[in-house]
Amino acid sequence: MPTLVIVGAQWGDEAKGKIVDWLGSDAEYVVRYSGGNNAGHTVIIGDQVFKFHLLPAGILHPNCVAVLGSGMVICPEGLLKELDVTQAAQARLGTLKISSAAHVVFPYHRKLDMLEEEARGANKIGTTSRGIGPAYQDKVARMGIRMAEFVHPQHFRTRLEAVLAVKNKQLEMFGEPKIEFGPLFEQYSSYADRLRPYVCDTDWDLQEAVAGRKKVLFEGAQGTFLDLDCGTYPYVTSSHPIASGACLGTGIGPRAIDNVLGVCKAYTTRVGSGPFVTELEDEIGAKIREQGQEYGTTTGRGRRCGWLDLVALRQSCRINSMSGLIVTRLDVLSGIGDLKVCTGYRLDGRDIPSMPANIDDLSRVEPVYETLPGWEGDLRSARALSDLGRNVQSYVKFIEDFTQTPVAILSIGPDRKETVMLRPDLIWG
Ligand code: GDP
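In the working numbering, the protein residues as written are 21 to 449.
So, in structure tokens, the structure goes:
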């Protein structure tokens, strides 16, 4: 079964980058399907550290085709910078293809992102200010500029003229100066010249790849609870990081997906604002943050840390129809002591099975915990489940039982070799 979606099962930063890189060594296509350079992946190979915001981690494999799908919004400047750095570090890269239907992020998107966030005052969403939200707003408002138009000099001129007239009116409303057409067109035309060779009909390529039973890995960005519809709205991203987003953002149909693996941390983190039922605002939370070096790849912000929320994880398994889970960062919990896991939500004295849609209700949810024994010592040398102590094994079993989803892989450190494969049958089938 050669198509596999790797999705973030929580609020992002679950260490998808390492997993996609590791499984991607086998894949013929690695495909990003949502978001833009608001996502961040870290891949560590030996002493080399790669930080990707746009490029699929599969770009590091010379025989792989790395695709930026139609559901993405792409900042040309950011992409070219990333491409230059990666090309300088690694002589042989995979083939890059950019969807002609993906949308382009422009400086006015970034400007409006900051202005809108400022205007929200105390109700800030915690955006990364990369212009992603405003770029998706333009897409929905039928005002976006697609890659196909961007790399066509005449069409680009006409479209940018029309769109910039509207954007300048929006900037004026915020009391901001206009953006001049000439310099913007010139600068972005030079980016378009460099990106043109990579732009093509990736939907068709991927449909062909799927029909030819090629190994295609769809790489989710962010996480399930940052999804525009399934996440903790309004503290969400503007696209669809969930597994079904792989269909929306690449032009393949739902029956073309064979397996879905959800990556989750052994605990929970969240960046930016929004309710967080199992948050630890005490020394245990601080210890997890320090031991796990929980600081954002894209923003550098310290992440909020808390106990593993199994109610949310169970919901995530269902939303994504997960074949299996990948539990990462088990090593970070070493030495924390007894571990709590959230097995129930209570709202106004009643048990509820899943997250309420009203964000105000969610902020009032009280967690019901079970306590499991913790573990000590360095887990990183383990290579099989039996190398891990009994308490780690029971923690993993508890996750499986509660979510009714098998755990396929454990990650116990950042390096490729610090990984324990439990269910190879759930990867490519
Ligand atoms: P992503 O966006 O989901 O890829 O997550 P990030 O890249 O923001 O965070 C993952 C970080 O965790 C990277 O620095 C990885 O090298 C590191 N990492 C991956 N797996 C593990 C693990 O099992 N244990 C530890 N301690 N770090 C890990």
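Just so you know, even glycine gets a beta-carbon here, dropped at the ideal spot from N, CA and C.
- Excluding sequence positions up to five before and after C250, its CB lies within less than 8 Å of the CB of T244, I262, I339, all in the same chain and listed in chain order.
- In terms of Cβ geometry, R321 and W31 do not form a close pair [threshold 7 Å].
- Inclusion of Y53 and G78 in the CB contact set at 7 Å is not warranted, their separation being larger than that value.
- If you draw a straight line from the Cα of L367 to the Cα of F422, it comes to about 20 Å.
- Partner residues in a beta bridge of T270, as assigned by DSSP, do not exist.
- Where A139 is concerned, the enclosing alpha helix (DSSP H) starts and stops at 127-139.
- The ligand GDP approaches A35 closely enough that one of its heavy atoms is under 6 Å from the residue's Cβ.
- Distance between W224 and C267, taken at the CA atoms: about 13 Å.
- Partner residues in the beta bridge of M441, as assigned by DSSP, are I429.
- In terms of side-chain proximity, the C-beta atom of T348 is found nearer than 6 Å to a non-hydrogen atom of the ligand GDP.
- Straight across, the Cα-Cα distance linking G265 with V27 is about 10 Å.
- The segment 120-136 makes contact with the segment 154-169: 3 or more CB pairs, one atom from each, lie closer than 8 Å.
- Closest in C-alpha terms to Y211, from the list V160, T363, K144, P96, comes P96.
- Under the three-state reduction of DSSP, N57 is assigned to coil, being neither helix nor strand.
- In its chain, beyond the 5 residues on either side, S354 have a beta carbon closer than 7 Å to the beta carbon of G397.
- For the pair Y255 and G146, the Cα-to-Cα distance works out to about 8 Å.
- Counting the other CB atoms within 10 Å of its CB gives N143 a total below 16, which places it among the exposed residues.
- One alpha carbon belongs to F238, the other to D67, and they sit about 26 Å apart.
- In this structure the segment 111-120 touches the segment 213-222; the number of beta carbon pairs closer than 8 Å is three or more.
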